[in-house]
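Protein chains in written order, with my numbering: chain W, 189 to 583; chain A, 189 to 583.
The C-beta atom is built at its ideal place from N, Cα and C for all residues, glycine as well.
There are 2 protein chains.
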Amino acid sequence: MSISDNVRARMVEGSWVRKMFEEGAVLKQRYGEENVFDLSLGNPVMEPPPEFAQELKRLVENPLPGMHRYMANAGYSETRAAVAAQLSLETSLEFTMNDIVMTCGAAGGLNVVLKTILNPGEEVVVFAPYFLEFGNYIDNHGGVTKVVPTDEQFIPKLDALEAAITARTKGVIINSPNNPTGVVYSEDFIHQLGDLLGRKESQYGTHIFLISDEAYRKIIYDGLKYPPVFHHHRHTVVTTSHSKDLALPGERIGYIAIHPECSQREELVGGFIFCNRTLGFVNAPALMQHAVQNLQQVTVSVAEYQKKRDFLYGHLVEMGYSLVKPQGAFYMFPKSPLEDDVAFVNELQQWNVLAVPGRGFGSPGHFRLSYCVSDRTLEGSLAGFKKAAQKLNLC
Amino acid sequence: MSISDNVRARMVEGSWVRKMFEEGAVLKQRYGEENVFDLSLGNPVMEPPPEFAQELKRLVENPLPGMHRYMANAGYSETRAAVAAQLSLETSLEFTMNDIVMTCGAAGGLNVVLKTILNPGEEVVVFAPYFLEFGNYIDNHGGVTKVVPTDEQFIPKLDALEAAITARTKGVIINSPNNPTGVVYSEDFIHQLGDLLGRKESQYGTHIFLISDEAYRKIIYDGLKYPPVFHHHRHTVVTTSHSKDLALPGERIGYIAIHPECSQREELVGGFIFCNRTLGFVNAPALMQHAVQNLQQVTVSVAEYQKKRDFLYGHLVEMGYSLVKPQGAFYMFPKSPLEDDVAFVNELQQWNVLAVPGRGFGSPGHFRLSYCVSDRTLEGSLAGFKKAAQKLNLC
């Protein structure tokens, strides 16, 4: 009687990450925090880099007059210009501050973009496995989620995408490096994707936005380079945050960047600014905008994440688990040794190891591990993985 | 082709505050910042109180481990408990942290509340003049805005409200101290309002939420006490922020507080937390949650705002303007000497004084002045008000 029917239904459907969080809390209370090995959350254990602490200290000790006041809803010109300069450097395209809107993280940015572009009933494609919140975000603004599968290597199937695109397709969300798989899309793949979208736009006389969620852009391993998506489709909008690269997830600071040559760019940016305001974000948090302005080239220690990946990946393979080696982000997405991924996650729980079932990402038959945790947690989890592997005769 | 039809339409309809901001920017460029007297924006000129600076310094110099990480979507337990303790003190009701959800300001909180409760087509009442964003917020979540008038003193007309409430009415938004009028509702009025809502709930067998936007609760003059709304209706939800009381509008920190005895309280709070997450706020900014925890009894200098009110109010009355004396917030809403409020605001602009026409708040025939500006700006504006008054023979 009180709560919206849709919200109630979506709450029940729920978040598996959240569910694991709650079950984990019970285990931790029963066995002690140090005896539970929680690989269920993408909440980086690393502190922000020292440069961030310095910037924050500088700002707090020498406050700028009015630095906690409202600014333009798009954010501070200086911060937007700094982001634009960095993107210009990374992409060789000419970004200006007018292509950038500062947002409350990537989650805020995605909601702003979707609200801006979606008419009721228009479709947005996501590729399974995917961050399930995408479905909530699309639904928030009256859109319809179309799920397209990926192949064995978690690369989207372009023939399936081609079949899924209709005259009502308004956007395609990609996320590379990927949550939950850790896969990084190749430049060649992105080129083919952009090419397909361009052809479909011509076929239907529409604009199809490539919405690239790049929250993990800077967390990338093995000397791989991140291939800029902008080069391959003019209707590209990037949403990202400093949650992972500066380890600031609680601070809600990120941005939207639009292709400088996107058609109707000015109206779109006007829409982003309007929706940033009217969805209630108003503006990205002021102090954090100041703090990240000079940190566009700073990133947490990626080598440390790579070491964690190597450690966990090596041990899991040795135990007989089957998985695609992640090249970025801080997740891996092994095959579930049991057909029922929830049953397997429950099995791991018997050994006080917390993971998220693949169905929490639209891909049952897998499970997600997050390794942005302490080495002690990773080391402690091995016994549980080993026992589960032995019980199920993986080797 | 790119932007949503609804967003485009709402952008064109636009915000008068924003329009004045843009026209003001042109004037400032032409005549110099110091020669334009901008009373159009509710962006407090005051710096946050020294206690805030101290808290921030303490946190930055002695960082808590993980203090920039994700926390539960509802916010830190310690911060929620501090807010609950303060509300218990102010209301003599027993709030616990489970009644509190930390939000990205009151704008974020209102969107979260409306998303949580509204089914498509359900109605929410607002009282004109009102903060026009309320209409955008309601529309964001599929609701329908019903505008009910106020009387000459800007007190909502309860007979009109009674006539406006239907079986589809899900909420009534009030804002006291009020933007744009500065009016503070009396306890007697709130009692009558709660009584009416209770009767209508019985009549229709519904729950009607009293959504009390209390962003200006602590900015109140003449020794007036703020009458807690909670006492008068069980289905009350308060949204507020520290934007005004701690002068932190750019930082986006506020909270939702639900009546501890609200029916279906647990499901509602679960909905708030869910919507806080899925609308993309995720959580209120972490550092600001830490910072405001110990500042629940701290407020900027209200005496200083009162001085500004007395100054501007006194001069305007003397010049012949007709207005209700504001008792809180930092706005006044005089009658427009010209029937066409836009024409009068343009008249003021001739003298480099910026105001917002009443139609920007759903009440043509008035204009809004914001006096959270420097004394120099207030003093400088008088010449323009005087010239306009003389030209229109007000005295």
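Review point. Terminal residues of the continuous beta strand (DSSP E) containing asparagine 366 of chain A?
Key: Working through the second sequence from its first residue, we reach residue 366 of chain A at position 178. Asparagine 366 of chain A -> no beta strand (DSSP E), and no H or E assigned at all.
Practice item. Hey, could you find the ends of the beta strand (DSSP E) arginine 547 of chain W is sitting in? Key: For the purposes of this step, residue 547 of chain W is taken as residue 359 along the first sequence, with counting starting at 1. Membership of arginine 547 of chain W in any beta strand (DSSP E) is not indicated, and neither H nor E is assigned to it by DSSP.
Practice item. Give me the Cβ distance between glycine 572 of chain A and valine 533 of chain A, rounded to the nearest whole Å; I'm assuming they're in contact under 8 Å. Key: Here the question's residue 572 of chain A lines up with position 384 in the second sequence. Here the question's residue 533 of chain A lines up with position 345 in the second sequence. Going by Cβ atoms, the distance from glycine 572 of chain A to valine 533 of chain A rounds to 11 Å, so no, they are not a contact pair.
Practice item. Using 10 angstroms around the beta-carbon of tyrosine 509 of chain W, count the other beta-carbons present and answer buried if the total reaches 16, otherwise exposed. Key: Translated into the one-based positions of the first sequence, residue 509 of chain W becomes position 321. So tyrosine 509 of chain W ends up on the buried side.
Check your understanding: If you check the beta carbons only, do serine 228 of chain W and alanine 543 of chain W fall under 8 Å apart?
Key -> What you label residue 228 of chain W is simply residue 40 of the first sequence in a count that begins at 1. What you label residue 543 of chain W is simply residue 355 of the first sequence in a count that begins at 1. Yes, the pair counts as a contact, with Cβ atoms nearer than the cut-off.
Review point. Going along chain A, which residues have a C-beta under 7 Å from methionine 290 of chain W?
Key: Taking the first residue of the first sequence as position 1, residue 290 of chain W is located at position 102. Simply none; closest approach about 11 Å.
Exercise for review: Please name the residue in W:Met520, W:Val300, W:Cys560 and W:Lys574 whose C-alpha comes closest to that of asparagine 366 of chain W.
Suggested key: Looking up residue 366 of chain W in the first sequence gives position 178. It is W:Met520.
Check your understanding: Could you give the distance in angstroms between the alpha-carbon of threonine 428 of chain A and the alpha-carbon of asparagine 363 of chain A?
Key -> Numbered from 1 along the second sequence, position 240 holds the residue referred to as residue 428 of chain A. Numbered from 1 along the second sequence, position 175 holds the residue referred to as residue 363 of chain A. Answer to the nearest angstrom: the Cα atoms are 10 Å apart.
Practice item. Name, please, each residue of chain A whose Cβ falls closer than 7 Å to the Cβ of asparagine 324 of chain W. Key: One-based indexing of the first sequence puts residue 324 of chain W at position 136. Thr466, listed in chain order.
Practice item. Indicate whether at least one CB of chain W lies closer than 8 Å to the CB of asparagine 534 of chain A. Key: In the second sequence, the residue the question calls residue 534 of chain A occupies position 346. Judged by the 8 Å Cβ criterion, asparagine 534 of chain A is not in contact with chain W.
Practice item. Since I believe valine 300 of chain A is in contact with asparagine 482 of chain A (beta carbons under 8 Å), could you give me their beta-carbon distance rounded to a whole number of angstroms? Key: Residue 482 of chain A sits at position 294 when you count from the first residue of the second sequence. Residue 300 of chain A sits at position 112 when you count from the first residue of the second sequence. 25 Å between Cβ atoms; not a contact.
Point to revise | Buried or exposed by the 16-neighbour rule on C-beta atoms within 10 Å, applied to tyrosine 501 of chain W | key: In the first sequence, residue 501 of chain W corresponds to position 313, counting from 1. Buried, because 16 or more other Cβ atoms sit within 10 Å of the Cβ of tyrosine 501 of chain W.
Practice item. Would you list the one or two residues that DSSP bridges to proline 344 of chain A? Key: For the purposes of this step, residue 344 of chain A is taken as the residue at position 156 of the second sequence. Looking at the DSSP assignment, proline 344 of chain A forms a beta bridge with A:Thr338.
Practice item. Report the neighbours of lysine 245 of chain W on chain A: residues whose CB is nearer than 8 Å to its CB, in chain order. Key: Residue numbering aside, residue 245 of chain W sits at position 57 when the first sequence is read from its first letter. Chain A residues near lysine 245 of chain W: Val248 and Glu249.
Check your understanding: Start and end of the beta strand (DSSP E) containing leucine 536 of chain A?
Key -> Working through the second sequence from its first residue, we reach residue 536 of chain A at position 348. Looking at the DSSP string, leucine 536 of chain A is not in any beta strand (DSSP E); the run it does join, the alpha helix (DSSP H), is 529 to 538.
Review point. Is the CB of isoleucine 367 of chain W under 8 Å away from at least one CB in chain A?
Key: Indexing the first sequence from 1 puts residue 367 of chain W at position 179. The sequence shown places asparagine at residue 367 of chain W, rather than the isoleucine named in the question. So, not an interface residue.
Practice item. Report the neighbours of leucine 436 of chain A on chain W: residues whose CB is nearer than 7 Å to its CB, in chain order. Key: Taking the first residue of the second sequence as 1, we reach residue 436 of chain A at position 248. Chain W residues near leucine 436 of chain A: His256.
Exercise for review: Using a Cβ cut-off of 8 Å (strictly closer), state whether alanine 357 of chain W contacts chain A.
Suggested key: Your numbering for residue 357 of chain W matches position 169 in the first sequence. Per the sequence presented here, residue 357 of chain W reads as threonine, with alanine not at that position. Chain A contact via Cβ: absent.
Exercise for review: Starting from the beta carbon of threonine 304 of chain A, find every residue of chain W whose beta carbon is closer than 9 Å, and list them in chain order.
Suggested key: Counting from 1 along the second sequence, the entry for residue 304 of chain A is found at position 116. Simply Ser190, Ile191, Ser192 and Val195.
Check your understanding: Is leucine 504 of chain A closer than 8 Å to lysine 523 of chain A when the C-beta atoms are compared?
Key -> For the purposes of this step, residue 523 of chain A is taken as the residue at position 335 of the second sequence. For the purposes of this step, residue 504 of chain A is taken as the residue at position 316 of the second sequence. No; because the gap between Cβ atoms is not below 8 Å, this pair is not in contact.
Practice item. Compute the Euclidean distance between the alpha carbons of glycine 411 of chain A and glutamate 266 of chain W, then round it to the nearest angstrom. Key: For the purposes of this step, residue 411 of chain A is taken as residue 223 along the second sequence, with counting starting at 1. For the purposes of this step, residue 266 of chain W is taken as residue 78 along the first sequence, with counting starting at 1. C-alpha separation (whole angstroms): 42 Å.
**Study point:** Proximal residues to leucine 456 of chain A (C-beta, below 7 Å), its chain only, five neighbours per side dropped
**Key:** Residue numbering aside, residue 456 of chain A sits at position 268 when the second sequence is read from its first letter. These residues qualify, in order along the chain: Thr304, Ile446 and Cys450.
Check your understanding: Would the region 471 to 478 of chain A and the region 390 to 404 of chain A be scored as touching if the rule is three or more Cβ pairs under 8 Å?
Key -> no
Check your understanding: Per DSSP, tyrosine 519 of chain W forms a beta bridge with which residues?
Key -> Taking the first residue of the first sequence as position 1, residue 519 of chain W is located at position 331. Looking at the DSSP assignment, tyrosine 519 of chain W forms a beta bridge with W:Ser558.
Check your understanding: Does the beta-carbon of aspartate 226 of chain W have 16 or more other beta-carbons within 10 angstroms, so that it is buried, or is it exposed?
Key -> Locating residue 226 of chain W in the first sequence gives position 38, where the first residue counts as 1. It is buried - the Cβ of aspartate 226 of chain W has at least 16 other Cβ atoms within 10 Å.
Check your understanding: Which term fits proline 368 of chain A, buried or exposed, when burial requires 16 or more other beta carbons within 10 angstroms of its beta carbon?
Key -> By one-based count along the second sequence, residue 368 of chain A stands at place 180. Proline 368 of chain A should be labelled buried.
Point to revise | Residue from A:Pro317, A:Val426 and A:Ala351 with nearest C-alpha to arginine 556 of chain A | key: To locate residue 556 of chain A, count along the second sequence from 1; it is residue 368. Ranking A:Pro317, A:Val426 and A:Ala351 by Cα distance to arginine 556 of chain A puts A:Pro317 first.
Review point. In three-state DSSP terms, what is lysine 413 of chain A?
Key: As a position in the second sequence, residue 413 of chain A is number 225, starting the count at 1. If DSSP states are grouped into helix, strand and coil, lysine 413 of chain A belongs with coil.
Practice item. Kindly indicate which three-state DSSP category leucine 500 of chain A falls into: helix, strand or coil? Key: Position 312 of the second sequence holds residue 500 of chain A. Helix.
Exercise for review: State buried or exposed for serine 280 of chain W, treating a residue as buried only when at least 16 other CB atoms are found within 10 Å of its CB.
Suggested key: By one-based count along the first sequence, residue 280 of chain W stands at place 92. Exposure of serine 280 of chain W is indicated by the presence of fewer than 16 other C-beta atoms within 10 angstroms of its C-beta.
Point to revise | Below-8 Å beta-carbon distance, methionine 199 of chain W vs any chain A residue | key: Sequence index remark: in the first sequence, residue 199 of chain W carries index 11 (1-based). Chain A, which has a Cβ nearer than 8 Å to the Cβ of methionine 199 of chain W, makes this yes.
**Study point:** Within-8 Å CB hit, asparagine 581 of chain W to chain A
**Key:** Within the first sequence, numbered from 1, the residue matching residue 581 of chain W stands at position 393. No, because no Cβ of chain A sits closer than 8 Å to the Cβ of asparagine 581 of chain W.
Exercise for review: Go to aspartate 376 of chain W, then tell me how far its beta strand (DSSP E) extends in each direction, as first and last residue.
Suggested key: Counted from its first residue, the first sequence places residue 376 of chain W at position 188. Per DSSP, aspartate 376 of chain W belongs to no beta strand (DSSP E); it is in the alpha helix (DSSP H), 375 to 392.
**Study point:** Three-state secondary structure (DSSP) of aspartate 287 of chain W
**Key:** For this step, residue 287 of chain W is matched to residue 99 along the first sequence. Taken through DSSP and simplified to helix, strand or coil, aspartate 287 of chain W comes out as helix.
Check your understanding: Counting contacts by CB-CB distance shorter than 8 Å, is glycine 548 of chain W in contact with chain A?
Key -> Taking the first residue of the first sequence as position 1, residue 548 of chain W is located at position 360. Chain A places no beta carbon closer than 8 Å to that of glycine 548 of chain W, leaving this residue out of the contacts.
Review point. So the beta strand (DSSP E) tyrosine 443 of chain A belongs to, where does it begin and stop?
Key: As a first step, residue 443 of chain A must be located in the second sequence, where it is residue number 255. Residues 442 to 446.
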